[in-house]
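**Q** Submitted below is the structure of interest, expressed as structure tokens.
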Amino acid sequence: AGGEVLEAVAPFGGDAFVYADVDAGALFPFEPYVEQRHKSQTYLSNDALEAEEELKRILDLQATALSRRLSFMGAEGFVVGVSGGVDSALALLASAAAADKLGLKREKVLGVSMPGFGSSARTKNNARALVEGLGCSYREISIREACEQHFRDIGYNFEARRDAVFENAQARERTKILLSLSNMENLLDVGTGDLSEAVLGWTTFGGDHLAQYGINASLPKTVVRRAVKQAQERFPEVKEFLEDILDTPISPELWPLV
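Here the sequence shown is numbered in my numbering, starting from 354 and rising by one per residue.
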């Protein structure tokens, strides 16, 4: 009020609401409050120590948001589609941190690997190693047979064609699996898509851009990578797997391996 902070809530506290008595007469004449601290024009600070704290805060914010959403919904845990890439790695780490915050066993976080036509052994192994290394529940469900049946149903020659039909069907099948598991086991489906993908349109309508809570949606992929690297300090038990995930070339792995 008039530039004076009356009440504030501690970051990541249990109570998300703040109340204070305001003297309406003191608001006239009113001058908007402007924070005096200089803000960097970059997404993260150019100062290495400040950037380190900001990256830690990203994971804390995600975990707090997920824990509150889960509490409001009355759900029992989280489900994350794990691909062996950085986006799903960060979503899984945030879900594990949220489970810790809520006092839940990490088994309440279900990581689902859904290998398809182009899934490599490296990404499949890293996905499983990360989930199990965190102490979360792991499940593997291949999407190949379901997609092939879908292609036969619509009269699509998947043996000869490689186009948007072939690629998008895989993304939609994965989303269907995650949402069905969410309904069946009372879990919150945590999205993995990042801001860079949304800006570029590198998502599938009815597929990977859908989730019940897309916690990476405001993070460019460059920031996601840095957040995952920073998280190695918080999750040393999976450091080696996170290192290999960071070293893996970025690919949707939709086309068959040659």
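Glycine included, every Cβ here is placed at the ideal spot set by N, Cα and C.
Would you tell me roughly how many angstroms separate the C-alpha atoms of GLY486 and ASN479, rounded to the nearest one?
**A** One-based indexing of the sequence shown puts residue 486 at position 133. One-based indexing of the sequence shown puts residue 479 at position 126. GLY486 and ASN479: Cα-Cα distance of roughly 10 Å.
**Q** Please check the pair ASP542 and ALA564, which I expect to be a contact at CB under 8 Å, by giving their CB distance rounded to whole angstroms.
**A** Sequence index remark: in the sequence shown, residue 542 carries index 189 (1-based). Sequence index remark: in the sequence shown, residue 564 carries index 211 (1-based). Contact holds; Cβ gap of about 5 Å.
**Q** Inspect the beta-carbon positions of LEU534 and VAL462 and report whether they are closer than 8 Å.
**A** Counting from 1 along the sequence shown, the entry for residue 534 is found at position 181. Counting from 1 along the sequence shown, the entry for residue 462 is found at position 109. Cβ atoms of LEU534 and VAL462: not closer than 8 Å.
**Q** Would the segment 404–419 and the segment 437–457 be scored as touching if the rule is three or more Cβ pairs under 8 Å?
**A** As far as the Cβ criterion goes, the segment 404–419 touches the segment 437–457, which means the pair count is three or higher.
**Q** Would PHE365 and ASP413 be called neighbours here (beta carbons separated by less than 8 Å)?
**A** Working through the sequence shown from its first residue, we reach residue 365 at position 12. Working through the sequence shown from its first residue, we reach residue 413 at position 60. Going by C-beta atoms, PHE365 is nearer than 8 Å to ASP413.
**Q** With respect to the beta strand (DSSP E) encompassing ASP542, which residues constitute its N-terminal and C-terminal limits?
**A** To locate residue 542, count along the sequence shown from 1; it is residue 189. Its beta strand (DSSP E) spans residues 540–544.
**Q** Indicate whether the contact test is met: 3 or more Cβ pairs, each with one atom in the segment 457–475 and one in the segment 574–593, closer than 8 Å.
**A** The segment 457–475 vs the segment 574–593: no contact.
**Q** Applying the 10 Å Cβ sphere with the 16-neighbour rule, what's the burial state of ALA474?
**A** Taking the sequence shown and counting its residues from 1, one reaches residue 474 at position 121. So ALA474 ends up on the exposed side.
**Q** What does DSSP give as the partner residue(s) for ARG492 in the beta ladder?
**A** Walking along the sequence shown from the start, residue 492 turns up at place 139. Bridge partners of ARG492: VAL465.
**Q** Considering only DSSP beta bridges, list what GLY430 is partnered with.
**A** Here the question's residue 430 lines up with position 77 in the sequence shown. DSSP lists LEU540 as partners of GLY430.
**Q** Shortest alpha-carbon distance to GLY456 belongs to which of GLY437, GLY430 and ASP440?
**A** In the sequence shown, residue 456 corresponds to position 103, counting from 1. Nearest option by C-alpha distance: GLY430.
**Q** From what residue to what residue does the alpha helix (DSSP H) around GLN585 run?
**A** Taking the first residue of the sequence shown as position 1, residue 585 is located at position 232. Looking at the DSSP string, GLN585 is not in any alpha helix (DSSP H), and its letter there is neither H nor E.
**Q** Terminal residues of the continuous alpha helix (DSSP H) containing THR556?
**A** Looking up residue 556 in the sequence shown gives position 203. Per DSSP, THR556 belongs to no alpha helix (DSSP H) and is neither H nor E.
**Q** Could you tell me whether the Cβ atoms of GLU405 and GLN583 are closer together than 8 Å?
**A** Here residue 405 corresponds to residue number 52 of the sequence shown, with the count starting at 1. Here residue 583 corresponds to residue number 230 of the sequence shown, with the count starting at 1. In this structure, GLN583 lies closer than 8 Å to GLU405 by Cβ.
**Q** Are the beta-carbon atoms belonging to GLU606 and GLY471 less than 8 Å from one another?
**A** Taking the first residue of the sequence shown as 1, we reach residue 606 at position 253. Taking the first residue of the sequence shown as 1, we reach residue 471 at position 118. The answer is yes: Cβ separation under 8 Å.
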